[in-house]
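Residue numbering for the sequence shown follows the working numbering, starting at 1050 and increasing by one per position. C-beta atoms are modelled at their ideal positions from N, C-alpha and C, and glycine is treated no differently. These numbers were taken from a predicted model, which means no experiment stands behind them. Presented below is the structure to which this report refers.
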Amino acid sequence: MQQYDVLIIGSGLAGLTLALKVGADKKVCLISKRSINDGSSNWAQGGIAAVLTDDDSTEAHIQDTLIAGAGLCDAAVTRLVAEHGRETVEWLIEEGVPFTREDDNSGFHLTREGGHSHRRIIHAADATGHAVQKTLAEKVYQHPNITVLEEHIAVDLITAGKVNMEGSACLGAYVLDNTTGKVLTISAQYTILATGGAGKVYLYTTNPDVSSGDGVAMGWRAGCRIANMEFIQFHPTCLYHPEAKSFLITEAVRGEGGILKLPDGSRFMIWHDERAELAPRDIVARAIDFEMKKRGLDCVYLDISHKPADFILSHFPTIYRRCFELGIDITREPIPVVPAAHYSCGGIMTDHIGRTDIPRLYAIGETACTGLHGANRLASNSLLECLVFGQAVAKDILEQPQFPAVDLPYWDESRVTDADEEIIITHNWSELRRTMWNYVGIVRTNKRLTRAMHRIHLLRDEVHEFYSNFRISNNLIELRNLLQVAELIVKSAMDRKESRGLHFSKDYPDLADEAVPTVLEPSNYYSLLDSHHGHEHDDVAHANPVSIP
(Lines of atoms letter the chains of each structure in order from A and count residues from 1; the text may use other names and numbers.)
(Lines give C-alpha, C1' and ligand atoms only; values in the text may rest on other atoms or scores of the structure.)
Protein backbone atom coordinates (compact mmCIF):
# COMPACT_ATOMS: atom_id res chain seq x y z
CA MET A 1 0.00 0.00 0.00
CA GLN A 2 1.20 3.49 -0.87
CA GLN A 3 0.21 6.47 1.27
CA TYR A 4 -0.12 10.11 0.20
CA ASP A 5 -1.77 13.27 1.47
CA VAL A 6 -3.40 14.02 -1.88
CA LEU A 7 -4.26 11.57 -4.69
CA ILE A 8 -5.09 13.26 -8.01
CA ILE A 9 -6.59 10.96 -10.65
CA GLY A 10 -6.01 12.66 -13.99
CA SER A 11 -3.19 14.78 -15.41
CA GLY A 12 -4.94 17.52 -17.40
CA LEU A 13 -4.93 21.22 -16.59
CA ALA A 14 -7.19 20.84 -13.53
CA GLY A 15 -5.05 18.08 -12.00
CA LEU A 16 -1.72 19.81 -12.74
CA THR A 17 -2.94 23.14 -11.33
CA LEU A 18 -4.06 21.45 -8.11
CA ALA A 19 -0.83 19.44 -7.79
CA LEU A 20 1.33 22.57 -8.09
CA LYS A 21 -0.85 24.54 -5.67
CA VAL A 22 -0.72 21.92 -2.87
CA GLY A 23 2.71 20.47 -3.64
CA ALA A 24 4.67 22.76 -1.32
CA ASP A 25 2.73 21.51 1.75
CA LYS A 26 1.46 18.05 0.82
CA LYS A 27 2.79 14.75 -0.44
CA VAL A 28 1.01 14.33 -3.78
CA CYS A 29 0.44 11.37 -6.12
CA LEU A 30 -0.70 12.21 -9.67
CA ILE A 31 -2.14 9.32 -11.71
CA SER A 32 -1.97 9.50 -15.52
CA LYS A 33 -3.55 6.81 -17.66
CA ARG A 34 -0.90 7.18 -20.35
CA SER A 35 1.73 9.91 -20.44
CA ILE A 36 1.02 13.12 -18.56
CA ASN A 37 0.24 15.00 -21.79
CA ASP A 38 -2.21 12.54 -23.37
CA GLY A 39 -5.44 14.14 -22.14
CA SER A 40 -7.87 16.64 -23.67
CA SER A 41 -6.13 19.68 -22.14
CA ASN A 42 -3.12 19.06 -24.36
CA TRP A 43 -5.38 19.09 -27.44
CA ALA A 44 -7.26 22.31 -26.62
CA GLN A 45 -6.73 24.72 -29.50
CA GLY A 46 -8.87 27.75 -28.73
CA GLY A 47 -7.76 29.41 -25.51
CA ILE A 48 -8.81 30.70 -22.10
CA ALA A 49 -11.70 33.15 -21.68
CA ALA A 50 -10.91 35.98 -19.26
CA VAL A 51 -11.65 39.69 -18.95
CA LEU A 52 -8.28 41.30 -19.72
CA THR A 53 -9.11 44.65 -21.38
CA ASP A 54 -10.79 47.87 -20.25
CA ASP A 55 -13.51 47.71 -22.91
CA ASP A 56 -14.63 44.29 -21.58
CA SER A 57 -16.22 43.55 -18.20
CA THR A 58 -16.84 40.69 -15.80
CA GLU A 59 -20.57 41.39 -16.11
CA ALA A 60 -20.37 40.91 -19.90
CA HIS A 61 -18.50 37.60 -19.49
CA ILE A 62 -21.10 36.43 -16.95
CA GLN A 63 -23.95 37.45 -19.26
CA ASP A 64 -22.44 35.65 -22.27
CA THR A 65 -22.01 32.48 -20.15
CA LEU A 66 -25.58 32.63 -18.83
CA ILE A 67 -27.02 33.13 -22.32
CA ALA A 68 -25.07 30.16 -23.73
CA GLY A 69 -26.09 28.03 -20.72
CA ALA A 70 -29.80 28.42 -21.64
CA GLY A 71 -31.07 29.12 -18.13
CA LEU A 72 -29.26 26.29 -16.34
CA CYS A 73 -26.02 27.96 -15.21
CA ASP A 74 -25.50 28.42 -11.48
CA ALA A 75 -25.29 32.23 -11.25
CA ALA A 76 -23.05 32.26 -8.16
CA VAL A 77 -20.55 29.79 -9.69
CA THR A 78 -20.57 31.69 -12.99
CA ARG A 79 -19.68 34.92 -11.16
CA LEU A 80 -16.98 33.17 -9.11
CA VAL A 81 -15.28 31.78 -12.23
CA ALA A 82 -15.52 35.01 -14.25
CA GLU A 83 -14.17 37.10 -11.39
CA HIS A 84 -11.10 34.86 -11.05
CA GLY A 85 -10.28 34.91 -14.77
CA ARG A 86 -7.61 37.59 -14.80
CA GLU A 87 -5.69 36.30 -11.77
CA THR A 88 -5.55 32.73 -13.07
CA VAL A 89 -4.26 33.91 -16.45
CA GLU A 90 -1.67 36.07 -14.68
CA TRP A 91 -0.55 33.00 -12.72
CA LEU A 92 -0.03 31.09 -15.99
CA ILE A 93 1.98 34.01 -17.41
CA GLU A 94 4.14 33.97 -14.25
CA GLU A 95 4.63 30.22 -14.70
CA GLY A 96 5.99 30.93 -18.20
CA VAL A 97 3.15 30.01 -20.59
CA PRO A 98 4.05 31.60 -23.97
CA PHE A 99 0.77 33.28 -24.93
CA THR A 100 0.62 34.95 -28.37
CA ARG A 101 1.35 38.66 -28.38
CA GLU A 102 0.16 41.38 -30.77
CA ASP A 103 2.40 41.99 -33.81
CA ASP A 104 3.57 45.30 -32.36
CA ASN A 105 4.19 43.63 -28.97
CA SER A 106 1.71 46.04 -27.34
CA GLY A 107 0.11 43.24 -25.33
CA PHE A 108 -1.38 39.79 -25.67
CA HIS A 109 -3.45 38.99 -28.75
CA LEU A 110 -7.06 38.24 -27.83
CA THR A 111 -9.41 36.43 -30.17
CA ARG A 112 -13.20 36.10 -30.18
CA GLU A 113 -15.26 32.93 -30.37
CA GLY A 114 -18.93 32.11 -30.88
CA GLY A 115 -21.19 33.39 -28.09
CA HIS A 116 -18.69 35.97 -26.77
CA SER A 117 -19.57 39.68 -26.98
CA HIS A 118 -15.90 40.76 -26.80
CA ARG A 119 -12.43 39.64 -27.79
CA ARG A 120 -11.36 37.96 -24.53
CA ILE A 121 -9.75 34.65 -25.51
CA ILE A 122 -6.05 34.64 -24.63
CA HIS A 123 -4.24 31.93 -26.60
CA ALA A 124 -0.93 30.49 -27.70
CA ALA A 125 -1.43 30.47 -31.50
CA ASP A 126 -3.87 27.58 -32.12
CA ALA A 127 -2.35 25.19 -29.56
CA THR A 128 -3.11 26.85 -26.22
CA GLY A 129 -3.74 23.65 -24.32
CA HIS A 130 -0.41 22.22 -25.42
CA ALA A 131 1.48 25.35 -24.37
CA VAL A 132 -0.17 25.43 -20.91
CA GLN A 133 0.06 21.67 -20.36
CA LYS A 134 3.73 21.48 -21.39
CA THR A 135 4.69 24.39 -19.11
CA LEU A 136 2.90 23.01 -16.03
CA ALA A 137 3.86 19.36 -16.68
CA GLU A 138 7.56 20.25 -16.66
CA LYS A 139 7.13 21.89 -13.25
CA VAL A 140 5.19 18.88 -11.91
CA TYR A 141 7.88 16.44 -13.11
CA GLN A 142 10.55 18.47 -11.29
CA HIS A 143 8.59 18.93 -8.05
CA PRO A 144 10.12 17.01 -5.11
CA ASN A 145 6.73 16.46 -3.39
CA ILE A 146 4.82 15.19 -6.45
CA THR A 147 5.01 11.54 -7.53
CA VAL A 148 3.77 11.02 -11.10
CA LEU A 149 2.52 7.52 -11.95
CA GLU A 150 2.13 7.31 -15.73
CA GLU A 151 0.59 4.28 -17.48
CA HIS A 152 -1.70 3.80 -14.46
CA ILE A 153 -5.51 3.72 -14.54
CA ALA A 154 -7.79 4.03 -11.52
CA VAL A 155 -10.11 1.04 -11.10
CA ASP A 156 -12.38 2.20 -8.28
CA LEU A 157 -12.49 4.52 -5.30
CA ILE A 158 -12.06 3.08 -1.81
CA THR A 159 -14.74 4.43 0.54
CA ALA A 160 -15.19 3.82 4.26
CA GLY A 161 -18.27 1.70 3.61
CA LYS A 162 -16.33 -0.62 1.31
CA VAL A 163 -13.84 -1.48 4.06
CA ASN A 164 -16.44 -1.69 6.87
CA MET A 165 -15.42 1.54 8.54
CA GLU A 166 -17.64 4.14 10.19
CA GLY A 167 -18.76 7.10 8.08
CA SER A 168 -18.56 7.55 4.34
CA ALA A 169 -15.27 9.26 3.51
CA CYS A 170 -13.16 8.48 0.45
CA LEU A 171 -9.89 6.88 1.59
CA GLY A 172 -8.07 6.45 -1.73
CA ALA A 173 -8.31 4.23 -4.79
CA TYR A 174 -7.33 0.97 -6.42
CA VAL A 175 -5.06 1.68 -9.39
CA LEU A 176 -3.94 -0.69 -12.16
CA ASP A 177 -0.31 -0.42 -13.30
CA ASN A 178 -0.64 -1.01 -17.04
CA THR A 179 3.02 -1.98 -17.40
CA THR A 180 2.91 -4.82 -14.85
CA GLY A 181 -0.80 -5.72 -14.69
CA LYS A 182 -0.72 -5.37 -10.89
CA VAL A 183 -3.34 -3.42 -8.92
CA LEU A 184 -1.95 -0.96 -6.35
CA THR A 185 -3.76 0.17 -3.22
CA ILE A 186 -3.24 3.91 -2.78
CA SER A 187 -4.34 5.50 0.47
CA ALA A 188 -4.90 9.27 0.60
CA GLN A 189 -6.19 11.94 2.95
CA TYR A 190 -7.93 13.58 -0.01
CA THR A 191 -8.79 12.17 -3.44
CA ILE A 192 -9.56 14.26 -6.52
CA LEU A 193 -11.26 13.04 -9.69
CA ALA A 194 -9.82 15.04 -12.60
CA THR A 195 -10.17 12.43 -15.33
CA GLY A 196 -11.66 14.64 -18.07
CA GLY A 197 -14.56 13.82 -20.35
CA ALA A 198 -16.26 10.86 -21.98
CA GLY A 199 -16.09 11.61 -25.71
CA LYS A 200 -15.01 8.04 -26.57
CA VAL A 201 -18.57 6.92 -25.85
CA TYR A 202 -19.32 8.29 -29.37
CA LEU A 203 -18.14 7.08 -32.76
CA TYR A 204 -16.91 10.53 -33.82
CA THR A 205 -15.19 12.64 -31.20
CA THR A 206 -12.56 15.33 -30.91
CA ASN A 207 -11.37 13.73 -27.66
CA PRO A 208 -8.21 11.65 -27.23
CA ASP A 209 -8.47 7.90 -26.59
CA VAL A 210 -8.18 8.35 -22.81
CA SER A 211 -11.54 10.19 -22.56
CA SER A 212 -13.63 7.29 -21.29
CA GLY A 213 -15.61 8.91 -18.47
CA ASP A 214 -13.66 7.12 -15.72
CA GLY A 215 -14.20 9.77 -13.02
CA VAL A 216 -17.95 10.04 -13.55
CA ALA A 217 -18.37 6.24 -13.49
CA MET A 218 -16.20 5.80 -10.38
CA GLY A 219 -17.94 8.66 -8.58
CA TRP A 220 -21.38 7.23 -9.42
CA ARG A 221 -20.43 3.75 -8.19
CA ALA A 222 -19.10 5.26 -4.95
CA GLY A 223 -22.38 7.12 -4.27
CA CYS A 224 -22.05 10.58 -5.86
CA ARG A 225 -24.97 12.26 -7.58
CA ILE A 226 -24.56 13.06 -11.27
CA ALA A 227 -26.09 16.08 -13.00
CA ASN A 228 -26.91 17.21 -16.56
CA MET A 229 -25.30 14.31 -18.43
CA GLU A 230 -27.66 14.81 -21.39
CA PHE A 231 -25.81 17.98 -22.38
CA ILE A 232 -23.06 16.69 -24.66
CA GLN A 233 -21.47 19.43 -26.73
CA PHE A 234 -20.85 18.39 -30.30
CA HIS A 235 -18.10 20.50 -31.79
CA PRO A 236 -19.38 21.65 -35.18
CA THR A 237 -16.06 21.32 -37.00
CA CYS A 238 -13.92 18.20 -36.74
CA LEU A 239 -11.65 17.49 -39.75
CA TYR A 240 -13.28 14.92 -42.04
CA HIS A 241 -10.56 12.78 -43.59
CA PRO A 242 -9.99 8.99 -43.57
CA GLU A 243 -6.47 9.41 -42.18
CA ALA A 244 -7.30 12.08 -39.59
CA LYS A 245 -8.52 10.88 -36.22
CA SER A 246 -10.19 13.33 -33.83
CA PHE A 247 -8.55 16.45 -35.27
CA LEU A 248 -10.42 19.57 -34.20
CA ILE A 249 -10.75 22.72 -36.32
CA THR A 250 -10.96 25.40 -33.65
CA GLU A 251 -13.89 27.76 -33.18
CA ALA A 252 -11.43 30.63 -33.72
CA VAL A 253 -11.33 29.87 -37.48
CA ARG A 254 -14.97 31.00 -37.62
CA GLY A 255 -14.20 33.82 -35.17
CA GLU A 256 -11.59 35.14 -37.59
CA GLY A 257 -13.90 35.03 -40.61
CA GLY A 258 -14.15 31.38 -41.68
CA ILE A 259 -17.33 30.60 -43.66
CA LEU A 260 -19.27 27.32 -43.68
CA LYS A 261 -20.26 26.13 -47.15
CA LEU A 262 -22.06 23.32 -48.93
CA PRO A 263 -20.17 21.31 -51.61
CA ASP A 264 -21.45 23.72 -54.29
CA GLY A 265 -19.81 26.64 -52.45
CA SER A 266 -23.01 28.24 -51.11
CA ARG A 267 -23.28 29.50 -47.52
CA PHE A 268 -25.95 27.94 -45.31
CA MET A 269 -25.57 29.28 -41.75
CA ILE A 270 -27.44 32.47 -42.71
CA TRP A 271 -30.56 30.29 -43.23
CA HIS A 272 -30.33 28.93 -39.67
CA ASP A 273 -29.34 31.88 -37.44
CA GLU A 274 -28.85 35.63 -37.89
CA ARG A 275 -25.42 35.33 -36.22
CA ALA A 276 -24.43 32.89 -39.00
CA GLU A 277 -20.97 31.34 -38.32
CA LEU A 278 -20.71 33.14 -34.95
CA ALA A 279 -23.81 31.47 -33.49
CA PRO A 280 -23.19 29.25 -30.42
CA ARG A 281 -21.83 25.77 -31.08
CA ASP A 282 -25.07 23.84 -30.52
CA ILE A 283 -26.85 25.89 -33.20
CA VAL A 284 -23.96 25.51 -35.67
CA ALA A 285 -23.67 21.74 -35.01
CA ARG A 286 -27.43 21.22 -35.49
CA ALA A 287 -27.38 23.28 -38.69
CA ILE A 288 -24.54 21.16 -40.13
CA ASP A 289 -26.28 17.95 -39.00
CA PHE A 290 -29.52 19.14 -40.66
CA GLU A 291 -27.84 20.01 -43.98
CA MET A 292 -25.87 16.74 -44.07
CA LYS A 293 -28.95 14.60 -43.38
CA LYS A 294 -31.17 16.59 -45.75
CA ARG A 295 -28.71 16.38 -48.67
CA GLY A 296 -27.06 13.02 -47.88
CA LEU A 297 -23.63 14.64 -47.43
CA ASP A 298 -20.59 13.08 -45.78
CA CYS A 299 -19.34 16.52 -44.69
CA VAL A 300 -19.58 20.28 -45.22
CA TYR A 301 -16.72 22.76 -45.76
CA LEU A 302 -15.14 25.51 -43.67
CA ASP A 303 -13.43 28.14 -45.81
CA ILE A 304 -10.86 30.67 -44.54
CA SER A 305 -8.96 30.85 -47.85
CA HIS A 306 -10.25 34.38 -48.61
CA LYS A 307 -7.96 35.67 -45.85
CA PRO A 308 -4.29 36.51 -46.64
CA ALA A 309 -2.01 33.45 -46.50
CA ASP A 310 0.35 35.02 -43.94
CA PHE A 311 -2.65 35.75 -41.66
CA ILE A 312 -3.72 32.09 -41.84
CA LEU A 313 -0.19 30.79 -41.23
CA SER A 314 0.38 33.05 -38.21
CA HIS A 315 -3.02 32.40 -36.59
CA PHE A 316 -3.53 28.71 -37.38
CA PRO A 317 -0.11 27.08 -37.85
CA THR A 318 -1.12 23.72 -36.31
CA ILE A 319 -4.26 23.41 -38.43
CA TYR A 320 -2.41 24.52 -41.57
CA ARG A 321 0.38 21.97 -40.99
CA ARG A 322 -1.95 19.03 -40.24
CA CYS A 323 -4.23 19.76 -43.21
CA PHE A 324 -1.24 20.24 -45.52
CA GLU A 325 0.09 16.81 -44.47
CA LEU A 326 -3.24 15.40 -45.69
CA GLY A 327 -3.10 17.27 -49.00
CA ILE A 328 -5.37 20.20 -48.06
CA ASP A 329 -3.92 23.71 -48.45
CA ILE A 330 -6.22 25.84 -46.28
CA THR A 331 -4.81 29.07 -47.76
CA ARG A 332 -6.30 28.02 -51.13
CA GLU A 333 -9.17 25.59 -50.46
CA PRO A 334 -11.86 24.86 -47.85
CA ILE A 335 -11.52 22.29 -45.04
CA PRO A 336 -13.94 19.30 -45.01
CA VAL A 337 -15.60 19.13 -41.56
CA VAL A 338 -18.22 17.15 -39.59
CA PRO A 339 -19.64 17.61 -36.08
CA ALA A 340 -18.13 15.38 -33.37
CA ALA A 341 -18.70 14.77 -29.64
CA HIS A 342 -16.53 17.30 -27.89
CA TYR A 343 -17.38 18.19 -24.30
CA SER A 344 -19.59 16.93 -21.49
CA CYS A 345 -21.31 19.78 -19.62
CA GLY A 346 -22.60 17.42 -16.94
CA GLY A 347 -20.74 15.24 -14.48
CA ILE A 348 -20.28 14.64 -10.76
CA MET A 349 -22.20 17.26 -8.78
CA THR A 350 -19.96 19.54 -6.77
CA ASP A 351 -20.29 22.69 -4.73
CA HIS A 352 -18.46 25.97 -5.41
CA ILE A 353 -15.16 24.56 -4.14
CA GLY A 354 -15.24 21.21 -5.91
CA ARG A 355 -16.52 19.04 -3.05
CA THR A 356 -18.70 16.05 -3.96
CA ASP A 357 -21.35 14.21 -1.92
CA ILE A 358 -18.58 12.08 -0.36
CA PRO A 359 -16.34 13.71 2.27
CA ARG A 360 -12.65 14.01 1.25
CA LEU A 361 -13.56 13.39 -2.42
CA TYR A 362 -13.42 16.27 -4.91
CA ALA A 363 -14.11 16.51 -8.65
CA ILE A 364 -12.68 19.16 -10.98
CA GLY A 365 -12.53 19.90 -14.70
CA GLU A 366 -14.73 18.16 -17.24
CA THR A 367 -15.45 15.30 -14.79
CA ALA A 368 -17.38 17.71 -12.57
CA CYS A 369 -20.69 19.48 -12.92
CA THR A 370 -20.06 22.74 -11.05
CA GLY A 371 -23.03 24.56 -12.55
CA LEU A 372 -20.87 26.83 -14.72
CA HIS A 373 -21.79 25.44 -18.13
CA GLY A 374 -25.53 24.92 -17.69
CA ALA A 375 -27.11 23.42 -20.81
CA ASN A 376 -24.29 24.55 -23.13
CA ARG A 377 -20.67 25.49 -22.44
CA LEU A 378 -19.50 28.86 -23.71
CA ALA A 379 -16.32 28.47 -25.79
CA SER A 380 -13.01 28.65 -23.87
CA ASN A 381 -14.67 28.61 -20.43
CA SER A 382 -13.50 25.04 -19.79
CA LEU A 383 -9.77 25.69 -19.34
CA LEU A 384 -10.70 28.64 -17.13
CA GLU A 385 -12.92 26.35 -15.00
CA CYS A 386 -10.02 23.87 -14.63
CA LEU A 387 -7.77 26.65 -13.33
CA VAL A 388 -10.26 28.28 -10.97
CA PHE A 389 -11.49 25.02 -9.42
CA GLY A 390 -7.99 23.50 -9.26
CA GLN A 391 -7.00 26.46 -7.13
CA ALA A 392 -10.22 26.44 -5.07
CA VAL A 393 -9.79 22.76 -4.16
CA ALA A 394 -6.13 23.34 -3.29
CA LYS A 395 -7.09 26.16 -0.92
CA ASP A 396 -9.78 24.01 0.72
CA ILE A 397 -7.43 21.04 1.21
CA LEU A 398 -4.73 23.22 2.74
CA GLU A 399 -7.27 24.45 5.31
CA GLN A 400 -8.39 20.92 6.29
CA PRO A 401 -7.04 18.80 9.17
CA GLN A 402 -4.84 15.72 8.84
CA PHE A 403 -6.63 12.41 9.34
CA PRO A 404 -5.07 9.30 10.88
CA ALA A 405 -3.62 6.89 8.31
CA VAL A 406 -5.75 3.81 7.62
CA ASP A 407 -4.61 0.37 6.49
CA LEU A 408 -6.62 -0.50 3.38
CA PRO A 409 -7.17 -4.02 2.02
CA TYR A 410 -5.27 -5.20 -1.02
CA TRP A 411 -7.01 -5.90 -4.32
CA ASP A 412 -8.25 -9.50 -4.33
CA GLU A 413 -7.56 -11.44 -7.55
CA SER A 414 -7.78 -14.89 -6.03
CA ARG A 415 -11.04 -15.84 -7.75
CA VAL A 416 -10.37 -14.62 -11.29
CA THR A 417 -8.52 -16.05 -14.28
CA ASP A 418 -6.87 -14.60 -17.37
CA ALA A 419 -9.34 -13.76 -20.14
CA ASP A 420 -9.37 -16.38 -22.89
CA GLU A 421 -10.22 -13.82 -25.57
CA GLU A 422 -10.35 -10.02 -25.73
CA ILE A 423 -12.65 -9.84 -28.78
CA ILE A 424 -15.72 -9.29 -26.58
CA ILE A 425 -14.18 -5.99 -25.36
CA THR A 426 -13.36 -4.58 -28.81
CA HIS A 427 -16.68 -5.77 -30.26
CA ASN A 428 -18.74 -4.28 -27.43
CA TRP A 429 -16.76 -1.02 -27.49
CA SER A 430 -17.48 -0.66 -31.22
CA GLU A 431 -21.17 -1.50 -30.81
CA LEU A 432 -21.59 0.97 -27.92
CA ARG A 433 -20.00 3.88 -29.80
CA ARG A 434 -22.09 3.27 -32.91
CA THR A 435 -25.28 2.93 -30.83
CA MET A 436 -24.61 6.24 -29.05
CA TRP A 437 -23.80 8.00 -32.33
CA ASN A 438 -26.92 6.73 -34.12
CA TYR A 439 -29.45 7.07 -31.29
CA VAL A 440 -28.13 9.61 -28.76
CA GLY A 441 -26.50 12.15 -31.06
CA ILE A 442 -27.21 15.78 -31.94
CA VAL A 443 -30.96 15.24 -32.51
CA ARG A 444 -32.84 12.75 -30.29
CA THR A 445 -36.23 11.02 -30.12
CA ASN A 446 -37.93 8.86 -27.48
CA LYS A 447 -37.74 5.83 -29.76
CA ARG A 448 -34.01 6.26 -30.41
CA LEU A 449 -33.27 6.69 -26.69
CA THR A 450 -35.27 3.56 -25.79
CA ARG A 451 -33.37 1.54 -28.40
CA ALA A 452 -30.06 2.85 -27.10
CA MET A 453 -30.87 1.96 -23.49
CA HIS A 454 -31.89 -1.57 -24.47
CA ARG A 455 -28.56 -2.14 -26.25
CA ILE A 456 -26.57 -0.58 -23.39
CA HIS A 457 -28.18 -2.89 -20.82
CA LEU A 458 -27.39 -5.99 -22.87
CA LEU A 459 -23.77 -4.89 -23.30
CA ARG A 460 -23.50 -3.91 -19.62
CA ASP A 461 -24.63 -7.37 -18.47
CA GLU A 462 -22.08 -9.05 -20.76
CA VAL A 463 -19.26 -6.84 -19.54
CA HIS A 464 -20.25 -7.26 -15.88
CA GLU A 465 -19.95 -11.02 -16.24
CA PHE A 466 -16.57 -10.60 -17.95
CA TYR A 467 -15.38 -8.18 -15.24
CA SER A 468 -16.42 -10.57 -12.45
CA ASN A 469 -14.57 -13.59 -13.84
CA PHE A 470 -11.38 -12.35 -15.49
CA ARG A 471 -8.34 -10.28 -14.60
CA ILE A 472 -8.91 -6.63 -15.35
CA SER A 473 -7.17 -4.74 -18.13
CA ASN A 474 -7.08 -1.10 -19.19
CA ASN A 475 -9.54 -1.78 -22.04
CA LEU A 476 -11.97 -3.63 -19.80
CA ILE A 477 -11.95 -0.86 -17.17
CA GLU A 478 -12.59 1.77 -19.86
CA LEU A 479 -15.42 -0.22 -21.46
CA ARG A 480 -17.07 -0.78 -18.07
CA ASN A 481 -16.87 2.96 -17.37
CA LEU A 482 -18.11 3.96 -20.83
CA LEU A 483 -21.16 1.70 -20.51
CA GLN A 484 -21.95 3.30 -17.15
CA VAL A 485 -21.58 6.81 -18.58
CA ALA A 486 -23.66 5.90 -21.66
CA GLU A 487 -26.47 4.71 -19.38
CA LEU A 488 -26.32 7.98 -17.41
CA ILE A 489 -26.42 10.07 -20.61
CA VAL A 490 -29.44 8.18 -21.97
CA LYS A 491 -31.29 8.20 -18.62
CA SER A 492 -30.74 11.97 -18.31
CA ALA A 493 -31.88 12.55 -21.91
CA MET A 494 -35.04 10.47 -21.30
CA ASP A 495 -35.85 12.51 -18.19
CA ARG A 496 -35.66 15.90 -19.96
CA LYS A 497 -39.07 16.51 -21.54
CA GLU A 498 -38.02 19.63 -23.48
CA SER A 499 -35.36 20.90 -25.87
CA ARG A 500 -32.80 23.11 -24.14
CA GLY A 501 -29.23 24.02 -24.99
CA LEU A 502 -27.35 20.99 -26.28
CA HIS A 503 -30.27 18.60 -25.77
CA PHE A 504 -32.62 18.66 -28.76
CA SER A 505 -35.58 16.26 -28.85
CA LYS A 506 -37.93 15.95 -31.83
CA ASP A 507 -40.63 14.72 -29.41
CA TYR A 508 -40.27 17.76 -27.14
CA PRO A 509 -39.11 20.63 -29.42
CA ASP A 510 -40.22 23.42 -27.04
CA LEU A 511 -38.58 24.94 -24.00
CA ALA A 512 -40.15 24.12 -20.61
CA ASP A 513 -41.37 27.04 -18.48
CA GLU A 514 -38.83 26.34 -15.74
CA ALA A 515 -35.13 25.54 -16.14
CA VAL A 516 -34.33 22.59 -13.86
CA PRO A 517 -31.13 20.54 -13.73
CA THR A 518 -31.35 16.78 -14.25
CA VAL A 519 -30.00 15.12 -11.11
CA LEU A 520 -29.56 11.34 -10.92
CA GLU A 521 -29.04 9.63 -7.58
CA PRO A 522 -27.23 6.27 -7.35
CA SER A 523 -28.86 3.50 -5.32
CA ASN A 524 -26.26 3.91 -2.55
CA TYR A 525 -26.73 7.70 -2.22
CA TYR A 526 -29.19 7.58 0.70
CA SER A 527 -27.12 5.09 2.68
CA LEU A 528 -24.26 7.51 2.13
CA LEU A 529 -26.39 10.34 3.55
CA ASP A 530 -27.38 8.25 6.57
CA SER A 531 -23.74 7.55 7.41
CA HIS A 532 -22.89 11.26 7.59
CA HIS A 533 -26.28 12.93 8.13
CA GLY A 534 -26.02 16.66 8.37
CA HIS A 535 -22.47 16.67 7.05
CA GLU A 536 -20.93 19.80 5.69
CA HIS A 537 -21.32 18.86 2.04
CA ASP A 538 -25.12 19.07 1.90
CA ASP A 539 -24.89 22.35 0.00
CA VAL A 540 -23.31 20.46 -2.90
CA ALA A 541 -23.84 21.88 -6.34
CA HIS A 542 -26.65 23.99 -7.62
CA ALA A 543 -29.24 25.88 -5.68
CA ASN A 544 -32.25 23.67 -5.03
CA PRO A 545 -31.22 20.70 -7.18
CA VAL A 546 -34.28 18.72 -8.19
CA SER A 547 -34.05 14.95 -8.32
CA ILE A 548 -35.69 13.24 -11.26
CA PRO A 549 -36.10 9.61 -10.15
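By the Cβ-count criterion, leucine 1225 is buried, with 16 or more other Cβ atoms from all chains shown falling within 10 Å of its own Cβ.
In its chain, beyond the 5 residues on either side, Tyr1369, Thr1380 have a beta carbon closer than 8 Å to the beta carbon of leucine 1362. Here tyrosine 1459 carries a coil assignment [DSSP, helix/strand/coil].
When DSSP reads this structure, proline 1385 sits in a beta bridge with Tyr1350.
If you draw a straight line from the Cα of lysine 1342 to the Cα of threonine 1208, it is about 47 Å long. For serine 1089, the enclosing alpha helix (DSSP H) stretches over residues 1089-1092. Taking 8 Å as the upper bound for CB-CB distance, isoleucine 1058 and leucine 1242 are in contact here, some 6 Å apart.
One alpha carbon belongs to lysine 1540, the other to threonine 1484, and they sit about 15 Å apart. The Cβ atoms of aspartate 1103 and leucine 1427 do not sit closer than 7 Å to each other.
Sequence-distant Cβ neighbours of histidine 1401 in its own chain, meaning closer than 7 Å and more than five residues away, are Ala1125, Val1126, Leu1129.
By the neighbour-count definition (other C-beta atoms within 10 Å, threshold 16), glycine 1396 is a buried residue. In the three-state reduction of the DSSP assignment, cysteine 1372 falls in the helix class. For aspartate 1258, the closest C-alpha among the options Asp1562, Leu1528, Ala1535 is that of Leu1528. Residue range 1495-1518 is occupied by the alpha helix (DSSP H) that includes lysine 1496. DSSP, reduced to helix, strand and coil, places cysteine 1435 within a helical segment of the structure shown. Of all C-beta pairs linking the region 1083-1101 to the region 1129-1145, three or more are shorter than 8 Å, placing the two stretches in contact. A residue is called buried once 16 or more other Cβ atoms fall within 10 Å of its Cβ, and glutamate 1108, having fewer, is exposed. Per DSSP, reduced to three states, the secondary structure at tyrosine 1251 is coil, with no helix or strand assignment. Shown here for asparagine 1430: same chain residues with a beta carbon closer than 8 Å to its own, the five before and five after excluded, namely Ala1098, Thr1114, Val1130, Leu1421, His1422 in chain order. Membership of threonine 1127 in the alpha helix (DSSP H) is indicated by the continuous run 1124-1132. Bounds of the beta strand (DSSP E) holding histidine 1201 are 1201-1208. Under a 10 Å Cβ-count criterion, asparagine 1477 is classified as buried, with 16 or more other Cβ atoms of the shown protein chains found around its own Cβ. Between alanine 1334 and isoleucine 1491 a beta carbon distance of about 6 Å is seen, short of the 8 Å cut, so the two are scored as contacting.
One Cα belongs to phenylalanine 1365, the other to aspartate 1105, and the distance between them is close to 25 Å. The beta carbon of tryptophan 1269 sits closer than 6 Å to those of Ile1275, Pro1571, all from its chain and outside the five residues before and after it, given in chain order. Glutamate 1415 and glutamate 1300 do not touch by the CB rule: their CB atoms are close to 17 Å apart, not below 8 Å. Within the DSSP bridge table, the entry for glycine 1396 names Ala1276 as partners.
For threonine 1114, the enclosing alpha helix (DSSP H) starts and ends at 1107-1117. Residue environment analysis places leucine 1436 among the buried positions, since at least 16 neighbouring C-beta atoms fall within 10 angstroms of its C-beta.
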